[in-house]
Structures are given as C-alpha cells and as structure tokens.
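Structure first, commentary second.
In my numbering, the protein residues as written are 1 to 175.
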C-alpha cells in the first residue's frame, strides 16, 4: 500500500460515517478510528512489518509517523484506563449493598416481552422475589429471569439485544 492510497483511505474515512476501520495487507496492519473530535488515529503492528522490504520514502515516513502516533495513543489509553478504573471503583462502592443478578446462560438479553414493549424493569423500580426482570433468549427459547431478592433496581449493566455470557452481571438490586 503506497502513501497516496493511505491518504485516499484517510479522506474516505474522514468523510464517511464509519467510526473505525482495520486493514491488513502484505504484513502492514493499519487501524483507523474516529474519536469524539473526528480525528483519525493510526496504528500499525511493527512486529508484523518487515522493515527491510520498505524502500519507498513515503512508506518509510508513514511507518515513522504511525510509530510516533502509537506512542501518543498508548499514553492516552493509559489515562483513559485510569479514569475508567476510578469510575468503576466509585460505582462498586455504590453497589456494595446490592444483589447482583447474573446471567444463568449464554444468550441474548431482552428487557421486554415484545420488540417495542414496556420493559419488565427500569432503574428505580421496586422488585419482589419471583418478579420477572428480563428475558434471555437461548437457542430460540425465551427464558424469563426471575428476581431472587426484594429491593430496587439500582443499575442495569446490559442493553436490550446485547449478547450475554454465563455469569455476566445483568442488574444490581439494592436491598
């Protein structure tokens, strides 16, 4: 992939509604993603790239540029991880007195019995033992998930239509 092709690709991504694109060609891996300020981040896997095969000046400059951006991206990622860790710690302290409802199976989470229907529960709703919290579809079977405790829905961890794993937290019920 030459410099002009990469430039055209950048312009196409910038002008489109795509949020992220990842390509791999001849040992060169390019990942572009738009952040909130609509800038594109470049990242390449230097281990997969055979530096001795690069002879074109533009390609060499691009690799140098992407290595530089990768360093900056890792700094940003580290700061982002710190912020997320702080938010999780705060959230965990708020959820200490909560019963965590976990998915009993792998499947698709549905908050209501019909596509545009009223959800079984919302944040702030009071729930009692055996009230239906949601549905998890597994192998075309709709499984109603019942509450095991009495309390108030404090947090819903998944969105309607999300795939959930066995043991994945679905809701927090404040006791």
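The beta carbon of each residue, even a glycine, is placed where N, CA and C say it ideally should be.
Please state the DSSP three-state secondary structure of residue i.
| i | result |
| --- | --- |
| residue 7 | helix |
| residue 123 | coil |
| residue 45 | Note that residue 45 has pLDDT 45, beneath the 50 cutoff, so the model's placement of it is unreliable and the number below is only indicative. Correct three-state label for residue 45: coil. |
| residue 143 | strand |
| residue 23 | strand |
| residue 133 | strand |
| residue 73 | With a pLDDT of 49 at residue 73, under the threshold of 50, the modelled position of that residue is not reliable, and the figure given next carries that caveat. Residue 73: helix per DSSP, three-state reduction. |
| residue 12 | helix |
| residue 60 | Legend: pLDDT at residue 60 = 48, less than 50; position of this residue unreliable, no value from coordinates given. |
| residue 32 | strand |
| residue 105 | coil |
Would the beta-carbon of residue i fall within 7 Å of that of residue j?
| i | j | result |
| --- | --- | --- |
| residue 165 | residue 127 | no |
| residue 109 | residue 158 | yes |
| residue 32 | residue 6 | no |
| residue 125 | residue 149 | no |
| residue 26 | residue 95 | no |
Can you find a heavy atom of the ligand ADP that lies under 6 Å from the Cβ of residue i?
| i | result |
| --- | --- |
| residue 143 | Judged by which ligands are present, the structure shown has none, so any question about the ligand ADP falls away. |
Which residues in the same chain as residue i place their Cβ atom closer than 6 Å to its Cβ, once the five residues preceding and following it in sequence are excluded?
| i | result |
| --- | --- |
| residue 23 | 30 |
| residue 130 | 146 |
| residue 137 | 107 and 108 |
| residue 162 | 109 |
| residue 20 | 33 |
Skipping 5 residues on each side, what residues in its chain have a beta carbon closer than 8 Å to that of residue i?
| i | result |
| --- | --- |
| residue 160 | 109, 110, 111, 112 and 119 |
| residue 47 | Any reading at residue 47 must be qualified, since the residue scores a pLDDT of 42, below 50, and its modelled position is unreliable; the value itself is stated next. The answer is none, since no qualifying residue turns up. |
| residue 8 | none |
| residue 18 | 34 |
Less than 8 Å between the CB atoms is what I'm expecting for residue i and residue j, so what's the real figure, rounded?
| i | j | result |
| --- | --- | --- |
| residue 143 | residue 135 | 7 Å |
| residue 151 | residue 175 | 5 Å |
| residue 103 | residue 170 | 5 Å |
In chain order, what residues of the same chain lie with their CB nearer than 7 Å to the CB of residue i, ignoring the 5 residues before and after it?
| i | result |
| --- | --- |
| residue 16 | none |
| residue 115 | none |
| residue 168 | 102 and 103 |
Does the structure place the stretch 95-105 close enough to the stretch 120-129 that three or more beta carbon pairs sit under 8 Å? Output reads no: the stretch 95-105 does not touch the stretch 120-129.
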